[in-house]
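Chains as they are written, first to last, in my numbering: chain A, 1 to 216; chain B, 1 to 216. For each residue, glycine too, the CB sits at the ideal point set by N, CA and C.
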DNA sequence: CATTAATTACACAGATCGGTGTAATCAAGT
DNA sequence: ACTTGATTACACCGATCTGTGTAATTAATG
């Protein structure tokens, strides 16, 4: 499918909803706001999505991306996750994991949202696990769980602190866990001591990319 | 101060707001709902809290508890955090970290909420750091950060999965990080392999306690 | 008993919420 | 030129939101 050409109206609605939902919260954004942002009538929005709930579902479904496959060796893929994470943190507009946020704000009643969130988290865990199995790690299941914990912990910390170095701290921890599991982990320790520049207003030419999608 | 005696009206309002805000989300709960739950008039509520925002602030302030001090050795205190975390997860009605949730649902604009969330997270990190310094850990700052990442990661994972064993997985990771930093960590490895009973509907006589408060 | 303070019921304001109904308008395709 | 489908403007619905004004009622204190 050619990625150019003018986007469908449905796509425009969805991507605008995505932006607003993610940035300001699902409950905080009304359908009127979304329609106004695009400059369309509310009727048009409802012609493409029969209800806000379905729009929310589409939003989360769109965030459910596959973890990137690459030819690189498993260790690099695993550690690379934390590098992508850090870039995501540094990118303007990062606001944590959309699935965790959705569960947090939609309460425990909403079962469908929780289900997709669980599916996403588990898919990431399995991605780690399969790579760990390639590395002949004994307890691939448990270590994979621990890696997802590191990822989500870094995300939560960055969400409140706005400190991208949390990704690096998590990466260092991941290295220790990997080494402890008998995995040969690549050379330099990347950074030492307390990550400098905590709570950074340090804007390194941040790009507005949306890499990582569901995070992470 | 004697903890018994009948609670103040303000206290009743606050504790009810706490329960509802935490359980169902701040944005999801209206002041009418809170007043109705207690059985008081909305006017009375506004006589004690001039606005919902101040009630929210009081809610978060109430969740800002000090990490429990004890005479136990630092390592046990650190690892004990994860045990308390697991009990919190198992307790009925656990719904993640109130500060992270508040930041997640109130969006990036609300500065006051983010500030108190940062303060809380940092206080927990410093608590870890001071204990680590007692253990003569070289990079106490960095390791403390990593421990908070583990805590928040376990919380996020449990929030979506409802799996209290995430706390144990985080604890095992913490042990590895501590050992790697030269800390002598206590004997048995507590559990091995994949934590059984993932996504547990397994109700072990869960208590309704609210220990941990702000988590963790 | 009289005073005072808290709480009550209740109506109401203005905004926003998700969602619908309708008729006019616009843009293609044939 | 005619038809078809999408989009528009716009009014409207009932519900809910935060917050206020007011006068009556209740409970404790002197």
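Residue contact check for residue 33 of chain B against chain A: no CB pair falls below 8 Å.
Within 9 Å of the CB of residue 146 of chain A, the CB atoms of chain B belong to 150, 153, 169, 170, 172, 173 and 176, in sequence order along the chain.
For residue 28 of chain A, the nearest beta carbon of chain B is closer than 8 Å to its own beta carbon. Assigned with DSSP and collapsed to three states, residue 152 of chain B falls in helix. Considering only beta carbons, the part of the region 96-108 of chain A lying closer than 8 Å to chain B consists of 96, 97, 99, 100, 101, 103, 104, 105, 106, 107 and 108, in chain order. Of all alpha-carbon atoms in A:163, A:166, A:66 and A:180, the one lying nearest the alpha-carbon of residue 125 of chain A is that of A:66. Sequence-distant Cβ neighbours of residue 134 of chain A in its own chain, meaning closer than 7 Å and more than five residues away, are 74. Within 10 angstroms of the beta-carbon of residue 175 of chain A lie 16 or more other beta-carbons, which makes it buried. From the listed residues A:143, A:81, A:26 and A:84, the smallest Cα separation to residue 57 of chain A is found for A:26. Looking only at B:132, B:117, B:182 and B:178, the smallest Cα-Cα distance to residue 152 of chain B is reached by B:117. Ranked by how close their Cα comes to the Cα of residue 82 of chain B, the residues B:168, B:104 and B:157 have B:168 in first place. Note that the C-beta distance between residue 143 of chain B and residue 177 of chain B is below 8 Å. Residue-level contact by beta carbon fails for residue 90 of chain A and chain B, as no gap is shorter than 8 Å. For residue 166 of chain A, the closest Cβ of chain B is nearer than 8 Å.
Taking 9 Å as the upper bound on Cβ-Cβ separation, chain A lies near no residue of the region 45-78 of chain B. Just so you know, the alpha carbons of residue 33 of chain B and residue 106 of chain A end up roughly 17 Å apart. Burial state of residue 111 of chain A is exposed, judged by a 10 Å Cβ sphere holding fewer than 16 other Cβ atoms.
A residue is called buried once 16 or more other Cβ atoms fall within 10 Å of its Cβ, and residue 171 of chain A is buried on that count. For residue 111 of chain A, the nearest beta carbon of chain B is not closer than 8 Å to its own beta carbon. Taking CB atoms only, residue 133 of chain B has no neighbour in chain A less than 8 Å away.
Chain B has a Cβ within less than 8 Å of the Cβ of residue 156 of chain A. Following the DSSP letters along the chain, one finds residue 37 of chain B inside the alpha helix (DSSP H) bounded by residues 31-38.
Per the coordinates, the alpha-carbon of residue 62 of chain B lies some 27 Å from the alpha-carbon of residue 149 of chain A.
By the criterion of a C-beta distance shorter than 8 Å, residue 36 of chain A is surrounded by no residue of its chain, once the five residues flanking it on both sides are discounted.
It is roughly 8 Å from the alpha-carbon of residue 95 of chain B to the alpha-carbon of residue 104 of chain A.
Every unbroken stretch of the alpha helix (DSSP H) spanning 4 or more residues and falling wholly within the region 47-80 of chain A is given here in chain order: 52-63. Per DSSP, the continuous alpha helix (DSSP H) segment holding residue 118 of chain A begins and ends at 111-134.
Of the residues B:127, B:108 and B:99, the one whose Cα lies closest to the Cα of residue 78 of chain B is B:127. In terms of Cβ geometry, residue 59 of chain B and residue 18 of chain B form a close pair [threshold 8 Å]. Ranked by Cα distance from residue 40 of chain B, the first of B:22, B:28, B:64 and B:13 is B:13.
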